[in-house]
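>
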Amino acid sequence: MGIWQNFKKKLVEQELRDMSFEELLLRANLGADYITSDKAMQISAVAMGVNLLASTVSMIPIKLYTEDKEHRVVEVDDARANLLNDDTGDIYTGFELKSAMIRDYILNGEFNIYINKIKNEIKSLHYVHSSRVSINYGIDSIFKKYDIFVDGKKYRDFDFIRALRNSDDGYRGKGIVDENNQILSVAYNTLLYENKQAKTGGTKKGFLQSDTRLEEPALTQLKEDWQKMYGGTNSTGTIILNNGVKFQEATETSQEMQLNERKLTNANEISKILNIPINLLEGKYSDDAYLNTIKIAVSPLLEVISRSLNKYLLLEKEKDTYFFAFDDKELLKGDTLKRYQAYNLALKAGFMQIDEVRYQENLPNIGFEYIKLGLDSVLYNPKTKEIYTPNTDKTSDLKSTSNIKKGSDKKGENKNIDFKQ
Numbered sequence: 013m014g015i016w017q018n019f020k021k022k023l024v025e026q027e028l029r030d031m032s033f034e035e036l037l038l039r040a041n042l043g044a045d046y047i048t049s050d051k052a053m054q055i056s057a058v059a060m061g062v063n064l065l066a067s068t069v070s071m072i073p074i075k076l077y078t079e080d081k082e083h084r085v086v087e088v089d090d091a092r093a094n095l096l097n098d099d100t101g102d103i104y105t106g107f108e109l110k111s112a113m114i115r116d117y118i119l120n121g122e123f124n125i126y127i128n129k130i131k132n133e134i135k136s137l138h139y140v141h142s143s144r145v146s147i148n149y150g151i152d153s154i155f156k157k158y159d160i161f162v163d164g165k166k167y168r169d170f171d172f173i174r175a176l177r178n179s180d181d182g183y184r185g186k187g188i189v190d191e192n193n194q195i196l197s198v199a200y201n202t203l204l205y206e207n208k209q210a211k212t213g214g215t216k217k218g219f220l221q222s223d224t225r226l227e228e229p230a231l232t233q234l235k236e237d238w239q240k241m242y243g244g245t246n247s248t249g250t251i252i253l254n255n256g257v258k259f260q261e262a263t264e265t266s267q268e269m270q271l272n273e274r275k276l277t278n279a280n281e282i283s284k285i286l287n288i289p290i291n292l293l294e295g296k297y298s299d300d301a302y303l304n305t306i307k308i309a310v311s312p313l314l315e316v317i318s319r320s321l322n323k324y325l326l327l328e329k330e331k332d333t334y335f336f337a338f339d340d341k342e343l344l345k346g347d348t349l350k351r352y353q354a355y356n357l358a359l360k361a362g363f364m365q366i367d368e369v370r371y372q373e374n375l376p377n378i379g380f381e382y383i384k385l386g387l388d389s390v391l392y393n394p395k396t397k398e399i400y401t402p403n404t405d406k407t408s409d410l411k412s413t414s415n416i417k418k419g420s421d422k423k424g425e426n427k428n429i430d431f432k433q
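Using this note's numbering, the letters of the sequence shown map in sequence onto residues 13 to 433.
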């Protein structure tokens, strides 16, 4: 029994050590009003925003890419991608794994995934909630080293895929629960107040006045009737007052009268925290709001995960030529037209070539090495310095303007003519 108590004491000490001074001070001051991640997820705007980001990221496949000799980005068939997208080797599916990562990262400031491997072969990936992870770090602020403890067992830092949100020390991150606890507390207390109003059925608040002192059993009966009236959803809504007892209605406060305005204000503040347009949290969907969410909220999350995967899942010899990335083409399908219009402008202006555009879209080169110099009338090859005019079937060489190869009337024959300036 003594060994178990000592072990629990060490875990508590370790947890306190993991918290920053500011976090300890905040929790001490707020006490019971401190909002946990579970309470935060009871706020509809928080739950909707976090789940929106988590589900959006989770449905995007992660792929392993490399560049071939022709500098084309090609997908690599690798077991690690299957672990991330489909079967993790754990009870989580790939979708559930990514969803848990995002929720933990946003709410608690980090995600941790244990890498189960034999030598260099990764067998499975195991998500561990941040609340189960303790960090034991050294005193060197420059050359940082740390060990990870899960359920009392020690692991090295490279045994986990980790990412930290707004970290001050490189060991633990800060989620919205710690950074924005006061705002979340206001929203949560508003929810509790609304719930209390619903339980009482909107019965007006007030107090009782009696001309004489109430004695038993009248006092006990009054308390029971009062509890029935204000006791919740099963309240009777009716109370019979004895002679001499009067009900005095309490004045409605400004907070009570402005409940709806407060709820809208809370939703606006939460939308700013999550970088999600308020109309999405209000259930008003539009293409512009969706694309803005992808750009300012989802894309940074994709980058965070990709960089963590590249750091922890790639071998040292692979890091120069291989990389993990999300295949977000389907996600940005609504923005495809705008992207293609931008490519069209770049091609017309001449500062991009066809193969450069195809490279940006992860498509193979077609060997088209001409640059348009006119309105679809002149093509220039920067490698051979040749100019070709399709309309007249003429080819001129910038190196020597004395000769022009002109297509003859007969198929397959060319004539040399003199070029006069």
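By construction, the Cβ of each residue, glycine as well, lies at the ideal position given by its N, Cα and C atoms.
In this text, all values refer to a predicted model and were calculated from it rather than measured experimentally.
1. Quick one: give me the first and last residue of the alpha helix (DSSP H) that residue 370 is part of.
2. Kindly confirm or deny that the segment 140-149 and the segment 99-106 touch, where touching means at least three C-beta pairs closer than 8 Å.
3. Helix, strand or coil for residue 120 per DSSP?
4. First and last residue of the alpha helix (DSSP H) that includes residue 271?
5. With a threshold of 6 Å on Cβ separation, who are the neighbours of residue 75 within its own chain once the five nearest residues in sequence on each side are excluded?
6. Measure the Cβ-Cβ separation of residue 186 and residue 177 and say whether it is below 8 Å.
7. For residue 398, which residues from the same chain have a beta carbon less than 8 Å from its beta carbon, with the 5 sequence-adjacent residues on both sides left out?
8. By the DSSP assignment, the alpha helix (DSSP H) with residue 52 in it spans what residues?
9. Could you tell me the distance, in whole angstroms, from the CA atom of residue 84 to the CA atom of residue 377?
10. Report the three-state DSSP secondary structure of residue 126 (helix, strand or coil).
11. Which residue comes first and which comes last in the alpha helix (DSSP H) that contains residue 178?
12. Are there three or more Cβ pairs, one per stretch, closer than 8 Å when the segment 189-201 is compared with the segment 267-287?
13. Does the beta-carbon of residue 289 have 16 or more other beta-carbons within 10 angstroms, so that it is buried, or is it exposed?
14. Is residue 403 helix, strand or coil when you go by DSSP?
15. Just checking my contact of residue 70 with residue 111 at CB under 8 Å: how many whole Å lie between their CB atoms?
16. Check whether the Cβ atoms of residue 55 and residue 210 lie closer than 8 Å to each other.
17. Can you tell which of 321, 278, 320 has its C-alpha closest to the C-alpha of residue 203?
18. State the Cα-Cα distance for the pair residue 394 and residue 364, rounded to the nearest angstrom.
19. Which of helix, strand or coil does DSSP assign to residue 152?
20. Might you give, ordered along the chain, the residues of its own chain that have their beta carbon closer than 8 Å to the beta carbon of residue 59, omitting 5 neighbours on each side?
21. Leaving out five residues before and five after residue 68 in sequence, what residues of the same chain have Cβ atoms less than 6 Å from its Cβ?
22. Using only alpha-carbon positions, find the residue among 45, 48, 61 that is nearest to residue 281.
23. Locate the beta strand (DSSP E) running through residue 309, then write down its first and last residues.
24. Measure the C-alpha to C-alpha separation of residue 293 and residue 65 and round it to an integer number of angstroms.
25. According to DSSP, what are the bridge partners of residue 161?
26. Output the boundary residues of the alpha helix (DSSP H) element that contains residue 192.
27. I need the straight-line Cα distance from residue 325 to residue 153, nearest angstrom please.
28. In chain order, what residues of the same chain have a beta carbon less than 7 Å from the beta carbon of residue 132, not counting five sequence neighbours either side?
29. Beta-carbon separation of residue 119 and residue 49 under 8 Å?
30. Looking only at its chain, what residues have a beta carbon closer than 7 Å to the beta carbon of residue 79, apart from the 5 residues adjacent to it on each side?
Here's the rundown:
1. 366-372
2. No: the two stretches stay apart, fewer than three of their Cβ pairs being nearer than 8 Å.
3. Residue 120 carries a helical assignment under DSSP once its states are collapsed to helix, strand and coil.
4. 271-286
5. Answer for residue 75: 87, 93, 339, listed in chain order.
6. Yes, Cβ-Cβ distance for residue 186 and residue 177 is below 8 Å.
7. 392, 407, 408, 409, 410
8. Per DSSP, residue 52 belongs to the alpha helix (DSSP H) from 49-52.
9. 8 Å
10. strand
11. Per DSSP, residue 178 belongs to no alpha helix (DSSP H) and is neither H nor E.
12. Taking one beta carbon from each stretch, the segment 189-201 and the segment 267-287 have 3 or more pairs nearer than 8 Å; the two touch.
13. buried
14. coil
15. 4 Å
16. no
17. The residue with the shortest Cα to Cα distance from residue 203 is 278.
18. 12 Å
19. It is coil, neither helix nor strand.
20. 53
21. 310
22. Comparing Cα-Cα distances from residue 281 to each of 45, 48, 61, the minimum goes to 61.
23. Neither: residue 309 is in no beta strand (DSSP E) and is coded neither H nor E.
24. In a straight line, the C-alpha of residue 293 is about 12 Å away from that of residue 65.
25. 146, 166
26. No alpha helix (DSSP H) holds residue 192; DSSP gives it neither H nor E.
27. So the alpha carbons of these two residues sit roughly 26 Å apart.
28. 327
29. Yes. Within cutoff.
30. 85, 333, listed in sequence order.
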